[in-house]
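Student: Input: one structure, supplied below.
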Amino acid sequence: MVRESHTAPMAAERPPSPKSERRGTVDVPETRFVKTADGLHIGYQVFGAGPYDVVFNDTLSNVDANWDVSSWAPVLRALGRQARVITFDRRGFGVSDRPLSTASLSLEVGVDDLTAILDATGSRRPVVMGFEWGSALSLLFAATSPERTAGLVLLNPVVCYWRAADFPWGADPNVDGEIHADHAARWGTSDYWREALGDDGIVAVDETEVREWAKWARLVASPQAIRLMSLVEQQTDVRTLLPRIQVPTLVVEKAGHRERASGGTAEWVASRIPGARYEVIPGPESFPRGRDTELYAAIDRFAREIRDRETEFDRVLATVLFTDIVGSTQLAAELGDRAWRELIGRHDAIIRAMLARYRGTEIDTAGDGFFATFDGPARAVRCAEAIRDAVRSLGIELRAGCHTGEVETADGKVRGIAVNLGARVAALAGASEVLVSSTVKDLTAGSGLVFEDAGEHELKGVPDRWRLYRVSSA
Numbered sequence: 106m107v108r109e110s111h112t113a114p115m116a117a118e119r120p121p122s123p124k125s126e127r128r129g130t131v132d133v134p135e136t137r138f139v140k141t142a143d144g145l146h147i148g149y150q151v152f153g154a155g156p157y158d159v160v161f162n163d164t165l166s167n168v169d170a171n172w173d174v175s176s177w178a179p180v181l182r183a184l185g186r187q188a189r190v191i192t193f194d195r196r197g198f199g200v201s202d203r204p205l206s207t208a209s210l211s212l213e214v215g216v217d218d219l220t221a222i223l224d225a226t227g228s229r230r231p232v233v234m235g236f237e238w239g240s241a242l243s244l245l246f247a248a249t250s251p252e253r254t255a256g257l258v259l260l261n262p263v264v265c266y267w268r269a270a271d272f273p274w275g276a277d278p279n280v281d282g283e284i285h286a287d288h289a290a291r292w293g294t295s296d297y298w299r300e301a302l303g304d305d306g307i308v309a310v311d312e313t314e315v316r317e318w319a320k321w322a323r324l325v326a327s328p329q330a331i332r333l334m335s336l337v338e339q340q341t342d343v344r345t346l347l348p349r350i351q352v353p354t355l356v357v358e359k360a361g362h363r364e365r366a367s368g369g370t371a372e373w374v375a376s377r378i379p380g381a382r383y384e385v386i387p388g389p390e391s392f393p394r395g396r397d398t399e400l401y402a403a404i405d406r407f408a409r410e411i412r413d414r415e416t417e418f419d420r421v422l423a424t425v426l427f428t429d430i431v432g433s434t435q436l437a438a439e440l441g442d443r444a445w446r447e448l449i450g451r452h453d454a455i456i457r458a459m460l461a462r463y464r465g466t467e468i469d470t471a472g473d474g475f476f477a478t479f480d481g482p483a484r485a486v487r488c489a490e491a492i493r494d495a496v497r498s499l500g501i502e503l504r505a506g507c508h509t510g511e512v513e514t515a516d517g518k519v520r521g522i523a524v525n526l527g528a529r530v531a532a533l534a535g536a537s538e539v540l541v542s543s544t545v546k547d548l549t550a551g552s553g554l555v556f557e558d559a560g561e562h563e564l565k566g567v568p569d570r571w572r573l574y575r576v577s578s579a
């Protein structure tokens, strides 16, 4: 936003989104609080219902007042149209508790607070989006918690305050170091924001917008809080984190920001993060507007690519095993409910013991049927034989089927055409028979298993004809 300029250095299964209130023409989400480990309350909001989470990290914020700025609320609404968005106020600002000390504003404390918010909102792996100085906290979170970060978006990133020989984009210590007190005192005034909006490339400054930002600033922080945040920012340098970022990263800025404010900072940040993507969005202003459709499209494209790739990463080669009791309906009627339940209990115990012995993973049960996966086809077949033989002591017979193929895992569930095929193979097996697909037979060559040709079959819901094989004693 306009706060970043160095001539104005104070720059910064999921639960459903909370209900919202109506303020003018804007739906404002309910503000909630999470209690941190050290007993403070951090205010946050959740809005939107897109297919992925975005946690929006802006150092300076008031989650309630954000919606009253006519040029900022459209930005939030645009994000909410494509994602479930989580916004929050850093401790010391907005509606959050105000322990005003530089220690309470450290990045390490901010990471702890952000983690508490993600836990409270049920957000497991969001896209973490840092705006201006919010990029510093986002970078530290992504570096220390990559398992909780699906991706990283840095908008107009600021990673170091002062200019250096290897960082020519920072503030000049001989000039800017003398003006912080003046900027802090002017933070919530119309004069400050009229100047700031003009610096942002808005030629015809709207006095209504000036008053909105000035009021917003007063609700975000007092002059003393801005002074303390400025001191923290002056000591912040996260450049060493950049090569250590392991998550997918998008660095984006508007053309106006590149021309006036950054002079190449964002592109340099992207070049230092392994595999990061850098994009420039058209527009004369430095900070985003609701009409910046290319910006939101870039974020959406980036987040959806991550989802697609992670889905691919969750696909593994596995051998599926299905079993069920032959003639179970008739047997249950003959035994009666109590005896049948006792039989099923003993049946289940035998199968689970065999799965443990052969390193199988139980995925699901349905009545008298079991579904399990194995990381080796020979172990799956031998487990099926062991189960078949063991349950004979109960006076029952099983049928079983195995197939090896690529499956998709998500939230403890396994799905894919390989699962359907395995179930169809099992359905064709006879009493005390283990049938396998040709894939299983081919992959178990040399294992000592012996198979008999069971012919070609059409499997319901599965394309092509499949040759099946009957497992016989070695």
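First residue of the sequence shown? That's 106 in our numbering, and the numbers climb one at a time after it.
Don't be surprised by glycine CBs; every beta carbon is placed ideally from N, CA and C.
1) Assign Asn162 to one of three DSSP states: helix, strand, or coil.
2) Drop a sphere of 10 angstroms on the beta-carbon of Pro568, count the other beta-carbons inside from all chains shown, and report buried for 16 or more, exposed for fewer.
3) Taking the runs of the beta strand (DSSP E) that are 3 residues or longer, which of them lie wholly in the stretch 218-285?
4) Taking one C-beta from the stretch 244-260 and one from the stretch 436-443 each time, how about it: are there three or more such pairs within less than 8 angstroms?
5) Using a 10 Å radius around the Cβ and a threshold of 16 neighbouring Cβ atoms, would you call Ala531 buried or exposed?
6) Grouping DSSP H, G and I as helix and E and B as strand, with all else coil, what is Ser295?
7) Taking buried to mean at least 16 other C-beta atoms within 10 Å of its own C-beta, is Ser166 buried or exposed?
8) Given Ala221, which residues of its chain have a CB within under 8 angstroms of its CB, disregarding the five upstream and five downstream residues?
9) Please say whether Ser542 and Leu573 have beta carbons closer to each other than 8 angstroms?
10) Should Arg371 and Glu358 be called a contact, given that it needs their Cβ atoms to be closer than 8 angstroms?
11) Leaving out five residues before and five after Glu213 in sequence, what residues of the same chain have Cβ atoms less than 8 angstroms from its Cβ?
12) Out of Gly293, Gly144, Val352 and Ser228, which has the shortest C-alpha to C-alpha gap to Ala247?
13) Is Tyr401 helix, strand or coil by DSSP?
14) For Phe479 and Gly527, I'd like the C-alpha separation in whole angstroms.
15) Is the beta carbon of Val343 sitting closer than 8 angstroms to the one on Val264?
16) Which term fits Val576, buried or exposed, when burial requires 16 or more other beta carbons within 10 angstroms of its beta carbon?
17) Using beta-carbon positions only, say whether Thr294 and Ala319 come within less than 8 angstroms of one another.
18) Buried or exposed: which applies to Asn162, given that a residue is buried once 16 or more other Cβ atoms fall within 10 Å of its Cβ?
19) With Ile386 and Asp397 assumed to form a contact (beta carbons below 8 angstroms), what rounded beta-carbon distance in angstroms separates them?
20) Mind checking Thr354: buried by the 16 CB within 10 Å criterion, or exposed?
21) Would a C-beta distance cut-off of 8 angstroms place Gly566 and Asn525 closer than the cut-off?
22) Do you know offhand how far Phe556's Cα is from Gly510's?
23) Roughly how many whole angstroms lie between the Cα atoms of Ala154 and Ile378?
24) Using C-beta distances below 6 angstroms, list every residue in its chain close to Tyr383, excluding the 5 sequence neighbours before and after it, in chain order.
25) Locate the beta strand (DSSP E) running through Val180, then write down its first and last residues.
26) Which partner residues does Trp571 have in the DSSP bridge list?
27) Helix, strand or coil: how does DSSP classify Ala290 here?
28) Count the CB pairs spanning the stretch 496-512 and the stretch 417-431 that are closer than 8 angstroms, and state whether there are at least three.
29) Can you tell me which residues form a DSSP beta bridge with Tyr149?
30) With DSSP run on the structure shown, which of helix, strand or coil describes Gly215?
31) Would a C-beta distance cut-off of 8 angstroms place Ala505 and Thr428 closer than the cut-off?
32) Opposite Tyr157 in the DSSP bridges: which residues?
33) Taking the alpha-carbon positions, what's the Phe152 to Ala559 distance?
34) By how many angstroms is the C-alpha of Arg487 removed from the C-alpha of Arg242?
35) State buried or exposed for Glu447, treating a residue as buried only when at least 16 other CB atoms are found within 10 Å of its CB.
36) Please report the distance separating the alpha-carbon of Val539 from that of Asp442.
Tutor: Per the coordinate set shown:
1) Your numbering for residue 162 matches position 57 in the sequence shown. Three-state result, Asn162: strand.
2) If you number the sequence shown from 1, residue 568 lands on position 463. Pro568 sits exposed, since fewer than 16 C-beta atoms from the chains shown fall within 10 Å of its C-beta.
3) Correct list: 232-236 and 256-260.
4) With the rule of 3 Cβ pairs closer than 8 angstroms, the stretch 244-260 does not count as touching the stretch 436-443.
5) Start at 1 with the first residue of the sequence shown, and residue 531 comes out as number 426. Ala531 is buried by the Cβ-count criterion.
6) On the sequence shown, position 190 is the one that residue 295 refers to. Ser295 sits in a helix when the DSSP states are folded into three classes.
7) Along the sequence shown, read from residue 1 onward, the residue named residue 166 stands at position 61. By the Cβ-count criterion, Ser166 is buried, with 16 or more other Cβ atoms from all chains shown falling within 10 Å of its own Cβ.
8) For the purposes of this step, residue 221 is taken as residue 116 along the sequence shown, with counting starting at 1. If we look at Ala221 and ignore the five residues flanking it on each side, its Cβ neighbours are Val139, Lys140, Thr141, Ala142 and Ile147.
9) Numbered from 1 along the sequence shown, position 468 holds the residue referred to as residue 573. Numbered from 1 along the sequence shown, position 437 holds the residue referred to as residue 542. Against a cut-off of 8 angstroms, the Cβ pair of Ser542 and Leu573 comes out as a contact.
10) The residue you call residue 371 lines up with position 266 of the sequence shown. The residue you call residue 358 lines up with position 253 of the sequence shown. A small correction: the amino acid at residue 371 is Ala; Arg does not occupy that position in the sequence shown. Yes. Within cutoff.
11) Position 108 of the sequence shown holds residue 213. Result list for Glu213: Leu245, in chain order.
12) Numbered from 1 along the sequence shown, position 142 holds the residue referred to as residue 247. Of the listed residues, the one whose Cα sits closest to Ala247 is Val352.
13) Walking along the sequence shown from the start, residue 401 turns up at place 296. Helix.
14) On the sequence shown, residue 479 is found 374 positions in, with the first residue counted as 1. On the sequence shown, residue 527 is found 422 positions in, with the first residue counted as 1. One C-alpha to the other measures close to 13 angstroms.
15) Reading the sequence shown from its first residue, position 238 is the one you call residue 343. Reading the sequence shown from its first residue, position 159 is the one you call residue 264. Taking a C-beta distance under 8 angstroms as the contact criterion, Val343 and Val264 qualify as a contact pair.
16) Counting from one through the sequence shown, the residue named residue 576 turns up at place 471. Residue environment: Val576 is assigned as buried (16 or more neighbouring CB atoms within 10 Å of its CB, all protein chains considered).
17) For the purposes of this step, residue 294 is identified with residue 189 of the sequence shown, where counting begins at 1. For the purposes of this step, residue 319 is identified with residue 214 of the sequence shown, where counting begins at 1. Yes, the pair counts as a contact, with Cβ atoms nearer than the cut-off.
18) For the purposes of this step, residue 162 is identified with residue 57 of the sequence shown, where counting begins at 1. Looking at its Cβ environment, which holds 16 or more other Cβ atoms inside 10 Å, Asn162 is buried.
19) Position 281 of the sequence shown, counted from the first residue, corresponds to residue 386. Position 292 of the sequence shown, counted from the first residue, corresponds to residue 397. Separation of the CB atoms of Ile386 and Asp397 is rounded to 6 angstroms, and the pair is thereby assigned contact status at 8 angstroms.
20) Position 249 of the sequence shown, counting from 1, holds the residue named residue 354. Residue environment: Thr354 is assigned as buried (16 or more neighbouring CB atoms within 10 Å of its CB, all protein chains considered).
21) Walking along the sequence shown from the start, residue 566 turns up at place 461. Walking along the sequence shown from the start, residue 525 turns up at place 420. In terms of Cβ geometry, Gly566 and Asn525 form a close pair [threshold 8 angstroms].
22) As a position in the sequence shown, residue 556 is number 451, starting the count at 1. As a position in the sequence shown, residue 510 is number 405, starting the count at 1. Their backbone Cα atoms lie some 19 angstroms apart in a straight line.
23) Position 49 of the sequence shown, counted from the start, is the residue given in the question as residue 154. Position 273 of the sequence shown, counted from the start, is the residue given in the question as residue 378. Whole-angstrom Cα-Cα distance: 30 angstroms.
24) Walking along the sequence shown from the start, residue 383 turns up at place 278. So the qualifying residues of the chain are Val356, Glu372 and Ala375.
25) Taking the first residue of the sequence shown as position 1, residue 180 is located at position 75. Following the DSSP letters along the chain, one finds Val180 in no beta strand (DSSP E) but inside the alpha helix (DSSP H) bounded by residues Ala178 to Gly185.
26) Translated into the one-based positions of the sequence shown, residue 571 becomes position 466. Trp571 is bridged to His562.
27) As a first step, residue 290 must be located in the sequence shown, where it is residue number 185. Correct three-state label for Ala290: helix.
28) The answer is yes - the stretch 417-431 touches the stretch 496-512, with three or more Cβ pairs under 8 angstroms.
29) Along the sequence shown, one-based indexing puts residue 149 at 44. In the DSSP assignment, Tyr149 forms a beta bridge with Arg137 and Phe193.
30) Counting from one through the sequence shown, the residue named residue 215 turns up at place 110. It is helical.
31) Position 400 of the sequence shown, counted from the first residue, corresponds to residue 505. Position 323 of the sequence shown, counted from the first residue, corresponds to residue 428. With contacts defined by Cβ atoms closer than 8 angstroms, Ala505 and Thr428 form a contacting pair.
32) Counting from 1 along the sequence shown, the entry for residue 157 is found at position 52. Beta-bridge pairing links Tyr157 to no other residue.
33) Here residue 152 refers to the residue found at position 47 of the sequence shown. Here residue 559 refers to the residue found at position 454 of the sequence shown. Their backbone Cα atoms lie some 57 angstroms apart in a straight line.
34) If you number the sequence shown from 1, residue 242 lands on position 137. If you number the sequence shown from 1, residue 487 lands on position 382. Here the sequence assigns Leu to residue 242, which means Arg is not the residue at that position. Each residue's alpha carbon lies about 52 angstroms from the other.
35) As a first step, residue 447 is located in the sequence shown; it is residue number 342 there, counting from the start. Classification for Glu447: exposed.
36) The residue given as residue 539 occupies position 434 in the sequence shown. The residue given as residue 442 occupies position 337 in the sequence shown. When rounded, the separation of the alpha-carbon atoms in Val539 and Asp442 is 28 angstroms.
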